[in-house]
Amino acid sequence: MADAGNARTARRAALAPAREPDELDRRIINALQGDFPLSPEPYAEAAAQLGIGEAELLARLQSLLDDRILTRFGPMFQIERLGGAFCLAAMAVPEDEFERVAEQVNALPQVAHNYAREHAFNMWFVLATETPEGIDAAVQAIETATGYPVYPFPKEKEYFVEMKLQA
Amino acid sequence: MDATFRMDDLDRRLVLATQAGLPLEPRPYWVLGQQLGMEEAEVRQRLGRLLEAGAIRRIGAVPNHYAIGYTANGMSVWQIDPTVIDAVGERVGGLAAVTHCYRRPDHPPSWPYNLFAMVHGKSREEVVAEVARIAALVAAEFPGALGARDILFSTRILKKTGLRIGG
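Protein sequences, first through last, are from chains A and B. Sequential numbering of the first sequence, starting at 1, is according to the working numbering. Sequential numbering of the second sequence, starting at 168, is according to the working numbering.
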């Protein structure tokens, strides 16, 4: 299936980072994974702490986003605290159906991220909706669209979460 | 802490305006204020309140794990005796190599695991070794609590948008 192969390569290229982060990129990423100032000129303040100029920091951040080294720069929401709902779900999809199903799953705006994993359950995605009922509706929509069952793995309890990685 | 932060309409518009990212402008909060018809100071105050309430985990850079060298993203899954799972979860979630740790429902017999711990590493071997260390630690500190375990490695990101609420 050359078409499926090409589409897969194109999609991977679209998500893969365009370059390696250099020393300054790493310093910026490590310094700015939290506590971004709420002052009127936060980039100037953050840049001063890094020993660079505000314009340089802004240009670097734009380049990190353009080159997909950062997926985003801004607030990271705890969606449940906003009254929304959030649920990990998995599917077991036959290999020859995988690309079609991935496209159908990704087409739903409620799918925040989606990973291929090595297991009989080979597709793992996170559903984010404004209401708990939205999760059930999204699960049903995916089952209807793809013809495969969706296994929801709602979070019953969250233990200590740090989510910061050293670049 | 309150499980749900009561957002008013302006909070909601602020979330919608920032969930794709903060403006890369010297005065990002002023720019947001212009968009939303709010004073800059009010934007900053509201973001501060959302942070305090835990509705925003943090503001800053969200790195593409792959781009900063964490190419091996292993979701370790564990079958833990339900009577001690919270103690095990607190212990495992507090380890430096674990970025997320959750209790989730099992789906026996195909899915016996009820504890999920995301382990990021620079290589698959590093993740495998770390998970073996965690298993030894759990076995030593919680005798008899650990049943089956597995690691699901991600092979590709199929989608990553960050969590969005609808407009």
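In this text, a Cβ means the ideal position worked out from N, Cα and C, and glycines have one as well.
inquiry  = Can you pull the chain A neighbours of ASP253(B), defined as C-beta to C-beta under 9 Å?
reply    = LYS157, TYR159
DSSP state of PRO109(A) mapped onto helix, strand, coil = Residue state, collapsed to three classes: coil.
message = Rounding to the nearest angstrom, what Cα-Cα distance links ALA59(A) and VAL259(B) in this structure?
response = Within the model, the alpha-carbon separation for ALA59(A) versus VAL259(B) is close to 39 Å.
query = From ALA135(A) to ILE52(A), what does the alpha carbon distance come to, in whole angstroms?
reply = Position check: residue 135(A) holds Ile in this sequence, whereas Ala was assumed. So the two alpha carbons sit approximately 45 Å from each other.
key: Residues that ARG211(B) contacts on chain A, provided the C-beta gap is smaller than 8 Å   = LEU38, SER39, PRO40
ask   = What number of angstroms, rounded off, separates the C-alpha of THR146(A) from the C-alpha of THR129(A)?
value = 20 Å
ask   = In chain order, which continuous runs of the alpha helix (DSSP H) of length 4 or greater are located wholly inside the segment 31-61 of chain A?
value = 42-50
inquiry  = Please report the distance separating the alpha-carbon of TRP197(B) from that of LEU50(A).
reply    = The alpha-carbon atoms of TRP197(B) and LEU50(A) are separated by roughly 23 Å.
task = Taking only the alpha-carbon atoms, compute the straight-line gap between ALA187(B) and PHE73(A) and give it to the nearest angstrom.
result = 8 Å
query = Looking at ALA92(A) and PHE121(A), is the spacing between their C-beta atoms short of 8 Å?
reply = yes
request  = Please list the partners that ILE52(A) has in chain B, where partner means a Cβ-to-Cβ separation under 7 Å.
outcome  = Within chain B, no residue comes near ILE52(A); the closest Cβ sits about 14 Å away, beyond 7 Å.
key: LYS289(B) classed as buried or exposed, judged by whether at least 16 other C-beta atoms fall within 10 angstroms   = With a threshold of 16 other beta carbon atoms within 10 Å, LYS289(B) falls short and is exposed.
ask   = Any Cβ of chain D within less than 8 Å of the Cβ of ARG68(A)?
value = In the displayed structure, chain D is absent; the protein chains listed are A and B.
key: C-alpha gap between ASP66(A) and SER277(B), whole angstroms   = 41 Å
key: THR250(B) (DSSP reduced to helix, strand or coil)   = coil
message = Taking the straight line between their C-alpha atoms, what separation do you get for CYS87(A) and ALA116(A)?
response = 17 Å
query = beta strand (DSSP E) containing TYR196(B): first to last residue?
reply = Per DSSP, TYR196(B) belongs to no beta strand (DSSP E); it is in the alpha helix (DSSP H), 195-203.
key: Chain-ordered chain B contacts of LEU24(A) [CB-CB under 7 Å]   = Chain B residues near LEU24(A): none, gap ~13 Å exceeds 7 Å.
ask   = With DSSP run on the structure shown, which of helix, strand or coil describes ALA128(A)?
value = strand
message = For ASN281(B) and PRO17(A), which I take to be in contact (beta-carbon distance under 8 Å), what is that distance rounded to the nearest angstrom?
response = Wrong, their Cβ atoms sit about 34 Å apart, outside the cutoff.
ask   = So ASP273(B) is in the alpha helix (DSSP H); what residue range does that whole segment cover?
value = Element bounds for ASP273(B): n/a, residue is neither H nor E.
inquiry  = Quick check: the Cα distance between ALA296(B) and MET123(A), rounded to an integer number of angstroms?
reply    = 24 Å
ask   = In three-state terms, what does DSSP make of LEU189(B)?
value = Note: LEU189(B) maps to coil in three-state DSSP.
task = Would you please verify whether the beta carbon of ILE301(B) is less than 8 Å from any beta carbon of chain A?
result = no
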